[in-house]
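Peer 1:
Numbering (this note's numbering), first residue to last: 73 to 298.
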């Protein structure tokens, strides 16, 4: 699992110097980010159209699928979910790390880390794996949270489908640093550089019907993102 081996569908063809080969760095990105975008082609009333949906996710590097497992979940009635187990889907995860200001408009860019995973998802029907995946998704948002919650009801589980996508067919790109400007543009004297960005958590806000102090798992997550 140490090296990414993209297929033709996931091979970086533009700005190949930004391609990341180490699988561990992709797993680190998937651990840092919080939102995945799932792209699929759905059919409704005989007509097909693409959809891209943001959703929570979780990763198990030691999962049962090839090179690890990416878990997604959704309503059992969702059209994209039915598509995901009959045709391939594309999942992207991106973290924005900075804004790059060049001396010319063309050179402006962003610093980022971005992963693309393509494949055929499987429906998770094993009860233990389903619970494991759902706990991972909760803990990906707030580590340790799943252990503090009541068990899901049969009704909740019946309304929720869990998908598992292999991490084998994947690639990653990354950009860091400032602009790459021509000498003539640097000579104009216009400022060039980059603005680093990071995600920040504010102080947790208790719900009006919450009867407890903010628990340690929530406080720890907020401090981790501060």
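We put the beta carbon where it would ideally sit given N, CA and C, even for glycine.
Beta-carbon within less than 8 Å of residue 220's beta-carbon, same chain only, minus the 5 sequence neighbours each way: which residues are those?
Peer 2: To locate residue 220, count along the chain shown from 1; it is residue 148. Setting aside the 5 residues that flank it on each side, residue 220 is surrounded in the same chain by 287, 289, each with a C-beta closer than 8 Å to its C-beta; the list follows chain order.
Peer 1: Would you mind giving the Cβ-Cβ distance between residue 123 and residue 152, rounded to the nearest angstrom? I have them listed as a contact below 8 Å.
Peer 2: As a working note, residue 123 is residue 51 in the chain shown. As a working note, residue 152 is residue 80 in the chain shown. Correct: roughly 6 Å between the Cβ atoms.
Peer 1: Rounded to a whole number of angstroms, what is the C-alpha to C-alpha distance between residue 179 and residue 126?
Peer 2: Translated into the one-based positions of the chain shown, residue 179 becomes position 107. Translated into the one-based positions of the chain shown, residue 126 becomes position 54. Taking the straight line joining both Cα atoms gives about 29 Å.
Peer 1: Going by CA-CA distance only, name the one from 174, 284, 204, 294 that's closest to residue 274.
Peer 2: One-based indexing of the chain shown puts residue 274 at position 202. The residue from 174, 284, 204, 294 with its alpha-carbon nearest to that of residue 274 is 294.
Peer 1: So residue 156 packs on residue 112, CB below 8 Å; how close in whole Å?
Peer 2: Against the chain shown, residue 156 aligns to sequence position 84. Against the chain shown, residue 112 aligns to sequence position 40. Contact flag correct, Cβ pair sits at about 6 Å.
Peer 1: Starting from residue 95, follow the beta strand (DSSP E) in both directions and report where the run begins and ends.
Peer 2: Translated into the one-based positions of the chain shown, residue 95 becomes position 23. Looking at the DSSP string, residue 95 is not in any beta strand (DSSP E); the run it does join, the alpha helix (DSSP H), is 95 to 104.
Peer 1: Could you tell me whether the Cβ atoms of residue 102 and residue 131 are closer together than 7 Å?
Peer 2: In the chain shown, residue 102 corresponds to position 30, counting from 1. In the chain shown, residue 131 corresponds to position 59, counting from 1. Against a cut-off of 7 Å, the Cβ pair of residue 131 and residue 102 comes out as a contact.
Peer 1: Please tell me whether residue 160 and residue 190 are closer than 7 Å, where the distance is taken between their beta carbons.
Peer 2: The sequence position of residue 160 within the chain shown is 88, counting from 1. The sequence position of residue 190 within the chain shown is 118, counting from 1. Taking 7 Å as the Cβ cut-off, residue 160 and residue 190 qualify as a contacting pair.
Peer 1: Do residue 117 and residue 175 have their beta-carbon atoms positioned less than 7 Å apart in this structure?
Peer 2: Translated into the one-based positions of the chain shown, residue 175 becomes position 103. Translated into the one-based positions of the chain shown, residue 117 becomes position 45. No, the pair does not count as a contact, with Cβ atoms beyond the cut-off.
Peer 1: Checking the sheet assignment: what are the DSSP bridge partners for residue 184?
Peer 2: The residue you call residue 184 lines up with position 112 of the chain shown. Bridge partners of residue 184: 168, 247.
Peer 1: For residue 133, which residues in the same chain have their Cβ closer than 6 Å to its Cβ, ignoring the five residues on either side in sequence?
Peer 2: If you number the chain shown from 1, residue 133 lands on position 61. Within the same chain, and ignoring the five residues on either side of residue 133 in sequence, the residues whose Cβ sits closer than 6 Å to its Cβ are 99, 140.
Peer 1: Could you give the distance in angstroms between the alpha-carbon of residue 75 and the alpha-carbon of residue 95?
Peer 2: Stepping through the chain shown from its first residue, residue 75 is reached at position 3. Stepping through the chain shown from its first residue, residue 95 is reached at position 23. Taking the straight line from one Cα to the other gives about 5 Å.
Peer 1: Answer yes or no: do residue 245 and residue 91 have a C-beta to C-beta separation smaller than 7 Å?
Peer 2: Here residue 245 refers to the residue found at position 173 when the chain shown is read from its first residue. Here residue 91 refers to the residue found at position 19 when the chain shown is read from its first residue. Yes, Cβ-Cβ distance for residue 245 and residue 91 is below 7 Å.
Peer 1: Taking the continuous alpha helix (DSSP H) assigned at residue 80, which residues delimit it?
Peer 2: In the chain shown, residue 80 corresponds to position 8, counting from 1. From DSSP, residue 80 is part of no alpha helix (DSSP H); its letter is neither H nor E.
Peer 1: At the level of alpha carbons, what is the spacing between residue 166 and residue 182?
Peer 2: Walking along the chain shown from the start, residue 166 turns up at place 94. Walking along the chain shown from the start, residue 182 turns up at place 110. Approximately 12 Å between the Cα atoms of the pair.
Peer 1: Should residue 266 be labelled buried (16 or more other beta-carbon atoms within 10 Å of its own) or exposed?
Peer 2: Mapped onto the chain shown, residue 266 falls at position 194. That one is buried.
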